[in-house]
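> Take a look at this one; I'll ask things after.
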Amino acid sequence: MKVVVGTRGSKLALTQTNWVIDELKKHNPDVDFEVKIIKTKGDLVQHLSLDKIGDKGLFVKEIEQQLLDKEIDIAVHSMKDMPSCLPAGLKFAGIPKREDPRDVLILKEGYTSIDDLPQGAKIGTGSKRRKYQLLKARPDLEIVPIRGNIDTRVRKIEDENLDGVVLAAAGILRAGMSKHISYYIPTDVMVPAPAQGALAIEIRDNDLEIENLINCLKDEETEIQVAAERGFLDGVNGSCHIPMGAYCTIEGDNIKLTGLFGDEDGKKLIIKSIEGNSKSPRESGIELAKLVLKEYESYEG
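Residue numbers are given in full-length UniProt numbering: position 243 of the sequence shown equals residue 243, and the series is strictly consecutive.
Structure representation (structure tokens):
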């Protein structure tokens with residue numbers, strides 16, 4: 001049996017895809033896997049910030065089309081890049097165990113945390129979610145917009161004379177670059193993007209053979225967290241134009257879900273938490289979204 005796996009061509013995307021294939025091979029040694037690299041709009045338009053070139057889905061649409069056209073059998077994405085609704089005919093297969101969901105600071109030598117950065121320090125990020133939460137913790141910081149893959153962003157500390165950059169811990173850890181991490185930002189200081197650190201394995205929704213192949217990777221705790229966080233994303237109708245995050249923790253049958261929602265220029269920033277049941281995580285996400293939107297509408301600031 002031959003299975004074609006579609007992915008973006010970035011170093012991180014390939015690392016993630018090869019990890020999925022290696023894990024699948026352990027359980028299915030007789031399957032022949034082939035990687036197919038697909039360029040997406042987000043890869044081709046590098047000179048504009050993400051919120052200028054479109055919405056969530058910038059890194060997935062072309063790959064999804066090949067899945068629908070049966071050019072590939074599986075697509076591997078970062079779950080946080082996925083729009084809240086998938087195209088008709090596609091679905092997620094089992095979600096593997098999540099990597100560290102936090103954001104991290106990679107800082108210029110000599111600095112070790114957000115607190116010891118000098119007044120007016122320059123920090124690079126292309127994300128409004130990260131920008132406005134950083135400014136909430138340190139209003140004096142100068143946030144510089146940057147884009148590019150992990151290596152490019154880390155290099156920009158020197159090339160653009162920045163004091164640091166913010167990235168997802170998961171990407172750095174998966175890329176084997178943990179030595180660069182200066183500081184893990186606690187989730188109560190910076191709410192992560194919904195499903196940050198989780199991988200999305202997308203398939204055609206009638207492809208039972210492929211679905212059964214992938215189920216061996218399924219991690220129940222991760223599936224609960226992703227359902228809750230993406231429920232919130234769906235409920236607020238989140239896009240990359242606004243700061244928005246969600247993070248779910250699980251204790252026994254209970255979950256605690258924190259949601260972040262703001263306006264485009266960061267003037268309003270609402271953060272709320274609710275508790276719910278791990279049997280209905282998506283419903284908790286949608287409920288939290290309603291509470292947050294209600295507070296957002298009545299926010300005087």
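We treat Cβ as the ideally placed atom computed from N, Cα and C, and that holds for glycine.
This structure is a prediction, so every number in the text was calculated from the model and none was measured.
Cβ of V236 within 8 Å of Cβ of A289?
Yes, the pair counts as a contact, with Cβ atoms nearer than the cut-off.
> Taking the alpha helix (DSSP H) that A289 falls in, what are its first and last residues?
That run of the alpha helix (DSSP H) goes P281 to E297.
> Given that a residue counts as buried once 16 or more other Cβ atoms are within 10 Å of its Cβ, and exposed if not, what is C248?
Classification for C248: buried.
> Counting Cβ pairs, one atom from each stretch, are 3 or more of them under 8 Å apart for the stretch 63-83 and the stretch 10-22?
Yes, they touch.
> Would you mind giving the Cβ-Cβ distance between D163 and K122, rounded to the nearest angstrom? I have them listed as a contact below 8 Å.
Sure, about 5 Å apart at Cβ, within 8 Å.
> With 16 other CB atoms within 10 Å as the buried threshold, where does D103 fall?
D103 comes out buried.
> Reducing DSSP to helix, strand and coil, say where K26 ends up.
Helix, per DSSP.
> Run the CB neighbour count on L134, radius 10 Å, all protein chains shown included, and call it buried at 16 or more, exposed below.
Looking at its Cβ environment, which holds 16 or more other Cβ atoms inside 10 Å, L134 is buried.
> Just confirm the distance between the C-beta atoms of residue 302 and A170, as a whole number of angstroms; I'd bet it's less than 8 Å.
The question about residue 302 has no answer, for the chain in this structure spans 1 to 301.
> Any contact between the stretch 214-234 and the stretch 84-102? By contact I mean 3 or more CB pairs, one from each, below 8 Å.
The stretch 214-234 is in contact with the stretch 84-102.
> For S284, is the classification buried or exposed, using 16 other Cβ atoms within 10 angstroms of its Cβ as the cut-off for buried?
S284 comes out buried.
> Do the CB positions of S273 and L257 come within less than 8 Å of each other?
Closer than 8 Å, so yes.
> With a cut-off of 8 Å, do at least 3 Cβ pairs link the stretch 175-184 to the stretch 109-119?
Yes, the stretch 175-184 is in contact with the stretch 109-119.
> Leaving out the 5 sequence neighbours to the left and right, which residues in its chain are closer than 8 Å to G252 when beta-carbon positions are compared?
Within the same chain, G252 has close Cβ partners S278.
> What residue does the alpha helix (DSSP H) around V5 start on, and which one ends it?
Per DSSP, V5 belongs to no alpha helix (DSSP H); it is in the beta strand (DSSP E), K2 to T7.
> From the DSSP output, in three-state form, read off W19 for me.
Helix.
> How is V35 classed by DSSP in three states: helix, strand or coil?
Note: V35 maps to strand in three-state DSSP.
> Out of G124, G89, A88 and L217, which has the shortest C-alpha to C-alpha gap to I150?
I150 has its Cα closest to that of G124, out of G124, G89, A88 and L217.
> Tell me whether the stretch 200-215 and the stretch 86-96 touch, counting them as touching only if at least three CB pairs, one residue from each stretch, are closer than 8 Å.
A contact exists between the stretch 200-215 and the stretch 86-96.
> Buried or exposed, going by whether 16 or more other CB atoms sit within 10 Å of the CB of G176?
Classification of G176: exposed, given that the 10 Å Cβ count is below 16.
> Residues in the same chain with beta-carbon distance under 6 Å from K218, minus the five sequence neighbours each way, listed in chain order, please.
Taken in chain order, the residues that qualify are G94.
> Look at the Cβ atom of L260, then the Cβ atom of G245, and state whether they are nearer than 8 Å.
Contact flag set, yes.
> By DSSP, does T112 sit in helix, in strand, or in coil?
Reduced to three states, the DSSP call for T112 is coil.
> Go ahead and label E229 buried or exposed: buried means 16 or more other beta carbons lie within 10 angstroms of its beta carbon, across all protein chains shown.
The residue in question, E229, is buried, as its Cβ has 16 or more Cβ neighbours within 10 Å.
> Note down, one range per segment and in chain order, each alpha helix (DSSP H) of at least 4 residues found wholly within the stretch 112-175.
The qualifying runs are 128-137, 150-159 and 169-174.
> If you run the structure through DSSP and keep just helix, strand and coil, what is I201?
Three-state DSSP puts I201 in a strand.
> Specify the secondary structure class of I53 as computed by DSSP and reduced to three states.
Residue confidence is low: I53 scores 43 on pLDDT, short of 50, so the model does not pin down where it sits. Its coordinate-derived value is still stated next. Of the three classes helix, strand and coil, the one that applies to I53 here is helix, per DSSP.
> How is M244 classed by DSSP in three states: helix, strand or coil?
M244 falls in the strand class under three-state DSSP.
> Who are the near neighbours of V165 in its chain, counting only those whose CB is closer than 8 Å to its CB and skipping five residues on each side?
The residues are L105, I106, I123, G124, T125, I146, R153, V154, K156 and I157.
> In whole angstroms, give me the CA-to-CA distance for I53 and E297.
Note that I53 scores a pLDDT of 43, beneath 50, so its modelled location is shaky and nothing firm can be said.
> Spell out a yes or no on whether the stretch 77-91 and the stretch 20-27 are touching, meaning 3 or more CB-CB pairs, one atom from each, closer than 8 Å.
No, because fewer than three Cβ pairs between the stretch 77-91 and the stretch 20-27 fall closer than 8 Å, the two stretches do not touch.
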